[in-house]
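Scroll down for the structure; my scribbles are underneath it.
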Amino acid sequence: MTDTTTGTSPYSIAHLRHVPRRHYGRWVAAALILLALAAIVKAFAEGQIAWPVVGQFFTAPAILSGLANTILMTVCAMALGIALGVVFAIMVMSPNPVLKTVAVGYIWFFRGTPLLLQLLLWFNLALVFPTIGIPGLIEGRTVDLITPFVATLLGLGINQGAYTAEVVRGGMPDRAAAGDAGDHPAGRQRGDQHGQADLGRQRHPIRRDAAQRPDHLLRQRPGDRAADRRRDLVPGGGDRAQHRAAFPGEALRPRPRRQPGQVSLEVERGEVLCIIGPSGSGKSTLLRCINQLESVDGGAVWVDGELAGFRREGDALYALTDREVARQRLAAGMVFQRFNLFAHLTVLGNIIEGPVTVQKRPKAQAVAEAMALLQRVGLADKRDAYPAELSGGQQQRIAIARALAMKPKLMLFDEPTSALDPELVGEVLAVMRDLAASGMTMIVVTHELGFAREVAGRVVFMDRGRIVEMGPPQQVLGSPREARTRDFIAAVLS
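Right, here's the structure in full:
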C-alpha cells in the first residue's frame, strides 16, 4: 500500500480516531418512553386506575356501535379501494390514450388533494347536484342516496383506490423487472436522505456487497494540458479536484461480510480506470465507499479536496449528518448493475427527478438538460416511455443519463453490462466510450476485458480486497506479472 498516512500531508489519517455520529434525539426519546412506562407501571402497582370506569368505555352501547361501524367502514372502503386500484392500474398501463389519460387524472387528483377536502365534497354533494341519476330514466334525491355512511365510504374508498393503483402498477411483473428493487440505493446516490425515496412515492412517485478498503485519489497533475482540454468538456469540473480514500487495516465493515485488505489508487482527471476481479473481491464495495453508500469506521475519504463523511477536529473524525453526506454524495454519479430506474416514473421523470427535487433546479432547465442527455445517449424518442417498456440496454443508457443529469465530478460504473443480454452490451459500452472521450473521470468495475483494453488508461486487478496488479491495459491484460491475474484472465476468456 502506498504510504499516505505519515508526514504532514493533509491526507494523513493513521493517527486519527473515528467518532460515530451521536443520535442524541434518540436517547432523549428513549428516556421519555422509559419515564412514561415507569409512570404507567407505578399507576398499575398503586391501584390508581379506576377499572370500573375504564370498563364502561369498552362496554358502552355507543362505543360498541361506533366500533362496529368503524370495522364495517374499514372493510368496505378497503375492498372498494382495492377494486378501483386494480382497474385503474390496468388502465394506466393501457396503450389506449383515453383510458390512460382518465386513469392518470384520477390518480393525480385523488393523491394530490387532501382526504379531508374530498370527504367534504362528498358530504356536500347535494348542494351541487340536488338529484343524481340518468335524467328521464332513473333519478333520486342526492340527500337520500348519499347518506353519511355512503359519503364516508366513497371518500375513503376512492382515495385509497388512487394509492392502490400505484402500488399495483409498481408491482406488475414487468415493472419489477425494470429494477424497482433498487430504488433505495439510486435515491441515496442521487442525494436523497434516509427514507426520502419512500416518502416520495406517496408525495409524488419518486431509491452492499463484501468489504474492502479503498485508498483512492483523483487529481490532476500540474501541467497536464490534455486534462485541461478535457476538463472543458465535462460539466462540474474545477481547476483541480482531489478525491482520496484511505482505509488501513480492517477499517471498512460492510455487513454481513468483512474481508481485510488495503487499496491504494491514483486516478488522473479525465482518466478511465477499469477494475476487474472475481466476484467478492471488493470491486463494488470500493465504488460504494467512494460515494459513501458503504460506511466505514476507519480511514478517510476526500472528494474534491473535501473530507467526505466526516468533520475533522484535531485528531478526531466526527461523522457528518445524513443531510451533509447526501450533499457530498452528489460529487460522484453512479450507474448500478440492475439499472435501478424508478419504475413509476417516465424516462424524462427519472432524469429530472434528482435535479428538480434535490438540487432545486428550475423544471424547465432540468427538462432541457435532460433532453440534451437523452439525445446524447440516443433515446430522445423515449422521453415519455416507462422503464418496463424499454430493453435492458435502453434502461442502462437512461441510468447513465440520469447520473449525468446531476453534473457529477466523476462517474462510477458498477458492472453496468452484467445484467444485459450479450446483444445489448454494445449499445451501453458505446455510450461509455463517448463519455470517456468527452473527458469524464470514470472508475468502471467490469468483466468486459475488450472494453477495458480499448478505453482504460489503467487496469486494476483486485482479489480478496487487495490490489494484486495494476498498470496499463496492455500489460495487465496482455502480459500480467502475477499468476493470480493470469488465472483470472484465462478463466474469463475461456
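Using my numbering, you'd call the opening residue of the sequence shown number 270 and step up by one each time.
Ideal Cβ placement from N, Cα and C applies to all residues, glycine included.
No experiment lies behind these values; they were computed from the predicted model shown.
Determine the DSSP secondary structure at residue i, reduced to helix, strand or coil.
{"i": "Glu738", "result": "strand"}
{"i": "Met675", "result": "coil"}
{"i": "Asp683", "result": "strand"}
{"i": "Thr770", "result": "In the structure displayed, the chain extends from 270 to 763; residue 770 sits before or after that span and is not available."}
{"i": "Leu285", "result": "coil"}
{"i": "Val310", "result": "helix"}
{"i": "Arg410", "result": "strand"}
{"i": "Ala300", "result": "helix"}
{"i": "Gly574", "result": "coil"}
{"i": "Ile545", "result": "strand"}
{"i": "Gly695", "result": "helix"}
{"i": "Val745", "result": "helix"}
{"i": "Val565", "result": "strand"}
{"i": "Ile667", "result": "helix"}
{"i": "Arg702", "result": "helix"}
{"i": "Ile318", "result": "coil"}
{"i": "Phe611", "result": "coil"}
{"i": "Pro631", "result": "coil"}
{"i": "Ser660", "result": "coil"}
{"i": "Leu556", "result": "helix"}
{"i": "Gly294", "result": "helix"}
{"i": "Asp653", "result": "coil"}
{"i": "Gly324", "result": "helix"}
{"i": "Leu689", "result": "coil"}
{"i": "Val646", "result": "coil"}
{"i": "Glu638", "result": "helix"}
Is the distance from the Cβ of residue i to the Cβ of residue j below 8 Å?
{"i": "Ala358", "j": "Ala434", "result": "yes"}
{"i": "Gly602", "j": "Met680", "result": "yes"}
{"i": "Thr400", "j": "Arg410", "result": "yes"}
{"i": "Leu388", "j": "Gly424", "result": "yes"}
{"i": "Val604", "j": "Ile712", "result": "no"}
{"i": "Asn675", "j": "Pro631", "result": "Note that residue 675 corresponds to Met in the displayed sequence, not to Asn. Going by C-beta atoms, Met675 is not nearer than 8 Å to Pro631."}
{"i": "Thr615", "j": "Asp653", "result": "yes"}
{"i": "Leu576", "j": "Ala585", "result": "no"}
{"i": "Gly574", "j": "Leu589", "result": "no"}
{"i": "Gly734", "j": "Ser550", "result": "yes"}
{"i": "Val700", "j": "Arg722", "result": "no"}
{"i": "Glu684", "j": "Thr715", "result": "yes"}
{"i": "Phe720", "j": "Leu693", "result": "no"}
{"i": "Ile340", "j": "Phe379", "result": "no"}
{"i": "Ala725", "j": "Leu542", "result": "yes"}
{"i": "Glu593", "j": "Phe611", "result": "no"}
{"i": "Leu746", "j": "Leu718", "result": "yes"}
Just curious, the alpha helix (DSSP H) that residue i is in, first and last residue?
{"i": "Leu423", "result": "417-440"}
{"i": "Thr626", "result": "616-626"}
{"i": "Gly335", "result": "330-362"}
{"i": "Glu593", "result": "591-598"}
{"i": "Ala395", "result": "394-397"}
Is it right to say residue i is buried, meaning 16 or more other beta carbons lie within 10 angstroms of its own, or is it exposed?
{"i": "Asn365", "result": "exposed"}
{"i": "Phe730", "result": "buried"}
{"i": "Asn560", "result": "buried"}
{"i": "Ala752", "result": "exposed"}
{"i": "Phe326", "result": "exposed"}
{"i": "Asp650", "result": "exposed"}
{"i": "Arg671", "result": "buried"}
{"i": "Ser660", "result": "exposed"}
{"i": "Gln743", "result": "exposed"}
{"i": "Ser553", "result": "buried"}
{"i": "Thr416", "result": "exposed"}
{"i": "Gln634", "result": "exposed"}
{"i": "Thr754", "result": "buried"}
{"i": "Glu738", "result": "buried"}
{"i": "His284", "result": "exposed"}
{"i": "Gln613", "result": "Note that residue 613 is His in the sequence shown, not Gln. By the neighbour-count rule (16 or more Cβ atoms within 10 Å), His613 is buried."}
{"i": "Asn393", "result": "exposed"}
{"i": "Gln317", "result": "exposed"}
{"i": "Tyr655", "result": "buried"}
{"i": "Asp508", "result": "Reliability of the predicted coordinates at Asp508 is poor, the pLDDT of 40 falling under 50, and the value obtained from them is presented with this limitation in mind. Counting Cβ neighbours within 10 Å, Asp508 comes out exposed, since fewer than 16 surround it."}
{"i": "Pro749", "result": "buried"}
{"i": "Ala308", "result": "exposed"}
{"i": "Ile544", "result": "buried"}
{"i": "Thr235", "result": "Here the chain has residues from 270 to 763 only, and residue 235 is not among them."}
Starting from residue i, trace the beta strand (DSSP E) both ways and give me its first and last residue.
{"i": "Phe579", "result": "579-582"}
{"i": "Leu534", "result": "534-536"}
{"i": "Leu586", "result": "585-588"}
{"i": "Ile401", "result": "400-403"}
{"i": "Gly374", "result": "First-last for Gly374: 366-381, but that is the alpha helix (DSSP H), not the beta strand (DSSP E)."}
{"i": "Gly602", "result": "601-604"}
Sorry if obvious, but does the Cβ on residue i come closer than 7 Å to a heavy atom of the ligand FAD?
{"i": "Val397", "result": "In terms of ligand content, the structure shown is empty, and the ligand FAD therefore cannot be addressed."}
Within 8 Å (strictly less), CB to CB, does residue i reach chain B?
{"i": "Ile427", "result": "The structure shown contains no chain B; it holds only a single protein chain."}
Legend entry - Complete beta strand (DSSP E) runs within the segment 707-735 (minimum length 3 residues, chain order): Those beta strand (DSSP E) runs which fall completely within the segment 707-735 and span 3+ residues are 710-714, 727-732.
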